[in-house]
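In full-length UniProt numbering, the protein residues as written are 1 to 197.
Idealized CB from N, CA, C, for every residue including glycine.
All of these numbers come straight from a predicted model, not from anything done at the bench.
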Amino acid sequence: MVNSALVLRSITTVGNYDYVWDFIFYQNGAIEGKVQATGYTSSSFFHGNGLQYGNRVWEHTLGTIHTHFVNYRVDLDVGEVKNSLVAHDMAFEVAQAPWNPEQQIERPRLTEKALDTEDQAWGHQRGYRIQIISFAGDHIPEASSMERAISWARSDCSDGVAEYSAMPPASLTEAVLQGRSPWGGKGLVQPGALFTP
Numbered sequence: 001m002v003n004s005a006l007v008l009r010s011i012t013t014v015g016n017y018d019y020v021w022d023f024i025f026y027q028n029g030a031i032e033g034k035v036q037a038t039g040y041t042s043s044s045f046f047h048g049n050g051l052q053y054g055n056r057v058w059e060h061t062l063g064t065i066h067t068h069f070v071n072y073r074v075d076l077d078v079g080e081v082k083n084s085l086v087a088h089d090m091a092f093e094v095a096q097a098p099w100n101p102e103q104q105i106e107r108p109r110l111t112e113k114a115l116d117t118e119d120q121a122w123g124h125q126r127g128y129r130i131q132i133i134s135f136a137g138d139h140i141p142e143a144s145s146m147e148r149a150i151s152w153a154r155s156d157c158s159d160g161v162a163e164y165s166a167m168p169p170a171s172l173t174e175a176v177l178q179g180r181s182p183w184g185g186k187g188l189v190q191p192g193a194l195f196t197p
C-alpha cells in the first residue's frame with residue numbers, strides 16, 4: 001500500500017558531529033523521532049595500549065570509545081489532559097505441557113501495569129505506544145560526580161513519564177541553555193522522582 005509521510009528535519013552541529021534530527025508523521029497517526037550522527041569520528045593519536053580504548057581507524061589514529069545520549073521531551077495529551085500510563089511487559093508462567101501432563105513448561109504471557117481509562121469500541125485503551133529501538137545501555141558509573149548530569153539515561157523511558165507540569169524538571173541540555181549547573185543541580189530530572197511504571 002502506498003504511504004506518504006511528512007518529515008521535519010533539522011541539522012545541528014556539536015563539536016565534530018552533525019546530528020540529523022527527523023520527526024516523521026505517518027498517515028496512520030504514528031510519529032517517529034530519530035537522530036543520526038554524521039561527521040568526523042571522535043579520535044585521538046594512536047599509541048601504546050590504545051586498542052584498550054577504541055579501534056584503530058588509520059595509521060596513527062584511534063577511534064575512541066564514547067557514547068551519544070539523547071533525550072526527548074514529549075507532551076502527549078491523548079484525548080484530553082487526564083491520562084494514565086500502561087506498561088506492557090512479558091513474564092513467564094508455569095503451565096502443564098499439552099503433550100505430557102507430567103511435564104511443566106514456562107510459557108511467556110503479556111503483563112501490564114495500568115490505571116483504568118476510557119476504552120474504545122474494541123476494548124483497547126486509547127493511546128500511544130512509545131517504542132525505544134536503540135538503547136545505549138550503561139552510561140557512566142552512578143558513583144561518578146558527573147553521572148547526576150545525565151541520570152535520566154539510567155533507563156530508556158520509564159523515568160521520564162510524569163504528569164503535566166508548567167515547569168517540569170530540566171534535562172542537562174536545558175539546564176546548560178538556561179545557565180544553570182549541569183552537575184546535578186536543583187531542578188534537574190532525577191531518576192525515580194517521576195512516575196515509574
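Item                                                                                                   : Value
Counterpart residues of Y26 in DSSP-defined beta bridges                                               : A5
As assigned by DSSP and simplified to three states, the class of I150                                  : helix
Residue burial classification, residue 243 (beta-carbon count within 10 angstroms, cutoff 16)          : Because the chain here runs from 1 to 197, residue 243 falls outside it and cannot be looked at.
Euclidean distance between Cα positions of R9 and E112                                                 : 35 angstroms
L8 at chain B interface by Cβ criterion, 9 angstroms                                                   : Included in the structure is just one protein chain, with no chain B present.
Status (buried if at least 16 other CB within 10 Å, exposed otherwise) for L6                          : exposed
Straight-line Cα distance separating A153 from I31                                                     : 22 angstroms
Proximal residues to G50 (C-beta, below 6 angstroms), its chain only, five neighbours per side dropped : L62
Residue of Q36, T38, N3 minimising C-alpha distance to Y26                                             : N3
Spatial distance of F58 from Q96 (CA atoms)                                                            : Note that residue 58 is Trp in the sequence shown, not Phe. So the alpha carbons of these two residues sit roughly 58 angstroms apart.
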